[in-house]
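Note that my numbering has the sequence shown beginning at 174, numbered continuously upward.
Working notes, beginning with the structure itself.
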Amino acid sequence: MKYLLLPFLPFLLLLLALPALAQQQLVVLGVAQDGGYPQAGATGEYAAVALGLRQRQQVVALGVVDEAAQQKFLFEATPDLPAQLFALNQYLPTPGTLPTGIFLTHGHIGHYTGLLHLGREALGASAVPVYAMPRMADFLTRNAPWSQLVALRNIALQPLAAGQAMVLNPKLRVTPFLVPHRDEFTETVGYAIQGQHKTAIFIPDIDKWSRWDQRLPEVIKHADYVLLDGTFYRNGEIARDMAEVPHPFVEETLRLLADLPPRERAKVYFLHLNHTNPLLDPGSAERREVQRLGFHVASEGLELPL
């Protein structure tokens, strides 16, 4: 009898794996800084992508999928929103691909301008929940063309408060926390995404770690995955005063976390990579060094179970 089952073994193994497929998971949908890769005006980068020497990278965004609850959430509304909605829909298909909700971190172009794709000139969506902090919500309400999305109910703003959890279902909650950044138009937050079994920290944009009122090693200690601002690898990477864009250099973060044990280092994933960042090149010495030290560079399609 057992030999009769052998032809069906692959199918049986798939059935056994189905519960794992139904778990909550976080999916990386983009890893590039606001301008994407290639960035506007970077003709050499476009040539490299056209020749197949480098891959295009979408602007940083995350998806969170809860199959049991039939919910899927998008973190950031980037200029690549149409492609990222399509990618998210592959994990939990729904009519029109729309997510259950969208969480925004702040008002810089790579993090909210994709909302325009939900408007009357494009998708013409109806009341997509958009979770936003007070200044971010006020900015969208008072400034065109975003105000049209609010007025026509293409989006339905959902208020957030720093340190207060938003319960999305009994096994999934999201908590925003303030981080220092260039807050010309809105405040800036990171998110703690707490699933049934694991917690992820998402900080795509922040100024130097010393300006934050939290200690990064302690934050890492209390999380399972930590997706961090890795915009620039080192000082001098761009031809302008980098004090104007005071992201923590990856080199600085590596030094700050040098004393972490291997288990803690393995929690860290760098993303929000500027087009000049050598970590975008899988063959670069800098990427090999990050990996040698036990850290990770996030990649599109990375799945992390929650």
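From the three backbone atoms N, C-alpha and C, an ideal C-beta is built for every residue, glycine too.
TODO: Throw me the rounded Cβ distance for the L345 and A305 pair, which I believe falls under 8 Å.
DONE: That belief does not hold up - the Cβ atoms of L345 and A305 are roughly 19 Å apart, past 8 Å.
Open item on the list: With H, G and I counted as helix, E and B as strand and the rest as coil, what does DSSP make of N450?
Closed with: DSSP, read as helix, strand or coil, puts N450 in coil.
Task: L446 versus L322 - alpha carbon distance - done: Cα atoms of L446 and L322: separation of roughly 29 Å, rounded to the nearest angstrom.
Open item on the list: Measuring straight from C-alpha to C-alpha, what distance separates L177 and Q196?
Closed with: Model confidence at L177 stands at a pLDDT of 45, short of 50, so the residue's coordinates are unreliable; what they give is reported in the following sentence. Between L177 and Q196, the C-alpha separation is close to 32 Å.
TODO: Could you spell out where the alpha helix (DSSP H) holding I379 opens and where it closes?
DONE: Here I379 belongs to no alpha helix (DSSP H), and DSSP marks it neither H nor E.
Task: Bridge partners - F259, DSSP secondary structure assignment - done: Bridge partners of F259: none, in fact.
TODO: Tell me whether the beta-carbon of K394 lies closer than 9 Å to the beta-carbon of E437.
DONE: Annotated as proximal: K394 and E437, with beta-carbon spacing under 9 Å.
Task: Close-in-space but distant-in-sequence residues of the same chain around L194 (CB under 8 Å, 5 per side omitted) - done: With a pLDDT of only 45 at L194, under the threshold of 50, the placement of this residue in the model should not be trusted; the figure read from the coordinates follows. Only E240 meet the Cβ criterion.
Open item on the list: Checking 9 Å against the spacing of the C-beta atoms, do I374 and A365 come in under that value?
Closed with: In this structure, A365 lies closer than 9 Å to I374 by Cβ.
Task: Exposure of Q268, with buried meaning 16 or more beta-carbon neighbours within 10 Å - done: Contrary to the premise, residue 268 reads as Pro rather than Gln in this sequence. Residue environment: P268 is assigned as exposed (fewer than 16 neighbouring CB atoms within 10 Å of its CB, all protein chains considered).
Task: Backbone secondary structure at Y285 - three-state DSSP - done: In the structure shown, Y285 sits in a helix (DSSP, three-state: H, G or I).
Task: Reference T273; option with closest CA among P302, G336 and G292 - done: Between T273 and the set P302, G336 and G292, the nearest pair of CA atoms involves P302.
Task: Whole-Å CB distance - A335 paired with F350, under 8 Å assumed - done: Rounded to whole angstroms, the Cβ separation of A335 and F350 is 6 Å, and the two are in contact under 8 Å.
Open item on the list: Taking the alpha carbon of D207 as the reference point, which residue from H281, I275, L265 and A256 has its own alpha carbon closest?
Closed with: Selection H281, I275, L265 and A256 evaluated against D207 yields H281 as nearest (Cα-Cα).
Open item on the list: Tell me the residue span of the beta strand (DSSP E) that contains A223.
Closed with: If you look at A223, you'll find it isn't in any beta strand (DSSP E); it sits in the alpha helix (DSSP H) that goes T216 to A223.
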